[in-house]
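Under my numbering, read the sequence shown as residues 1 to 241, first letter to last. Scroll down for the structure; my scribbles are underneath it.
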Amino acid sequence: MHQPEDEYAWPVCGACSRELWESEAGRQTCRLCETRTSERLRELGALYEQINTSAALMRGARRGGAPTSGSRTPPIPPRLEVLSLAANGGAATRLQAIEDSWRQALGWGLELRRNDLHVFASWRSDPRRDVPARIRFLINNLPWACDDYDSVGQDIEEIRRLHAECKQALSHDRKPGRVNVGHCPIQIDGETCGAQLTATAANSHIRCGNCGTQWDDMWGWRELRQAQDAVAAEEGRGVAA
Ligand SMILES: [Zn+2]
Ligand SMILES: [Zn+2]
């Protein structure tokens, strides 16, 4: 095969700028970039779930029960990166922006939100529910984008960045170890267990080292808070401050 070298630039991957193989001719990106992006999207689903759990723990579990005034249970220290990734405008909106541009390029039109001029501002659904759907769409259409979508390079970069940000936000770099989340409220033979409980921001499992009781998820965490509040209220009657 003769390439007229002075006027023909060998095509490169739109994401990593590597020269494409002949078997990749006509594609927008190399196959490796497609594979890596697909893996990142899959991981992103799990990372986002963790982000959500952590964000919920950081906000405390005050909804549901009337806030008792005297809970001395410290919440998991909030981290802005986690909270902003979980919120509207965070991961959900960024994935949505990519999906919308792909839909437009495919000529599929946007979903109902498009009726409004403010495409993102009007999007007020639940990120926790929608992020998995966004990720599914992107995984399903990634082969098309890597073949045919000429702006896919910037989207692949955005996915790489988002994946890295979620990982970083959940990492223990700056907060090694565990944080105290109050005392065990379990009653054993009429006495409160009272052992110090600890948790990490990246994991919602809390286990009492003394009595072995375990709280596994957000639901359990709420129960734990309520039980702790009840114990605190009970003790508060006799012990002032
Ligand atoms: Zn590449
Ligand atoms: Zn205990």
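We put the beta carbon where it would ideally sit given N, CA and C, even for glycine.
query                                                                                       : result
Any 3 or more C-beta pairs closer than 8 Å across the stretch 127–136 and the stretch 88–96 : yes
Unbroken alpha helix (DSSP H) run spanning Q104, endpoints                                  : A91 to L106
With 16 other Cβ atoms within 10 Å as the buried cut-off, status of Q50                     : buried
Pair within 7 Å by beta-carbon distance, G153 and G26                                       : no
Cutoff 8 Å; reference N180; Cβ partners in own chain excluding five residues on either side : P74, Q196, L197 and T198
Check: C146 C-beta below 6 Å from any heavy atom of ligand 1                                : no
Selection from S23, I159, C184 and R207 that minimises the alpha carbon distance to D229    : C184
Reduced DSSP category for T183 - H, G, I as helix; E, B as strand; rest coil                : According to the sequence displayed, residue 183 carries His and not Thr. Of the three classes helix, strand and coil, the one that applies to H183 here is strand, per DSSP.
CB-CB length for L138 against E99, believed under 8 Å                                       : 6 Å
Reduced DSSP category for R129 - H, G, I as helix; E, B as strand; rest coil                : helix
Cβ-Cβ distance between I188 and T213 below 7 Å                                              : no
Length of the line joining the Cα atoms of W10 and L170                                     : 41 Å
Environment of ligand 1 in chain order, Cβ to heavy atom below 7 Å                          : C13, A15, C16, R18, T29, C30, L32 and C33
Reduced DSSP category for L32 - H, G, I as helix; E, B as strand; rest coil                 : helix
W144 - DSSP class collapsed to helix/strand/coil                                            : helix
Contact belief for T200 with V231 at Cβ below 8 Å, rounded distance in angstroms            : So it is not a contact: roughly 23 Å between Cβ atoms.
Where R114 sits in the DSSP three-state scheme                                              : With a pLDDT of 46 at R114, under the threshold of 50, the predicted position of this residue should be treated as unreliable, and no value is reported.
Residues that DSSP places opposite E19 in a beta bridge                                     : V12
Cβ neighbour criterion (16 or more within 10 Å) applied to R40                              : buried
Buried versus exposed, by CB contacts within 10 Å (16 or more), R129                        : exposed
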